[in-house]
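With our numbering applied, the sequence shown corresponds to residues 883 to 962, in that order. Below: one structure, written as structure tokens.
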Amino acid sequence: RRRARQSEPVDQIVRVADRARNSVGVGASFPISAYDEMTASQVNRRLGGLGRPELRTVREYEARHANRKSVLEAIDRALR
């Protein structure tokens, strides 16, 4: 739990950077930086800043790779 609280400021910084990168169309094409290194809870915290096209991209990737149920459910909720 303590580790999660320590990573929250970093998550917030990266989330803002991802939004800025996506809005101007620079950097990696995947909506979330360092996605493959993230835990499910870290991914879930980052979904709120994504639009529908980015959510669909993340969902497709997640389903093909880690296929984490909690991440897929969070994306499906966000897409409703």
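Built from N, CA and C at the ideal position, the CB exists for glycine as well.
Pro913, buried or exposed, once every other Cβ within 10 Å from all chains shown has been counted against 16:
buried
Within the same chain, show all residues whose beta-carbon is closer than 7 Å to that of Val953, passing over the 5 residues directly before and after it, in chain order.
Ala922, Val925, Asn926 and Glu944
On a CA-only basis, which of Asn949, His947, Asp900 and Lys951 is nearest Gly933? Give me that one, please.
Asp900
Keeping to the same chain, check which residues put their C-beta closer than 7 Å to that of Ala960; ignore five residues upstream and five downstream.
Leu929 and Leu937
Measuring only the C-alpha atoms, how far is Arg946 from Ala916?
17 Å
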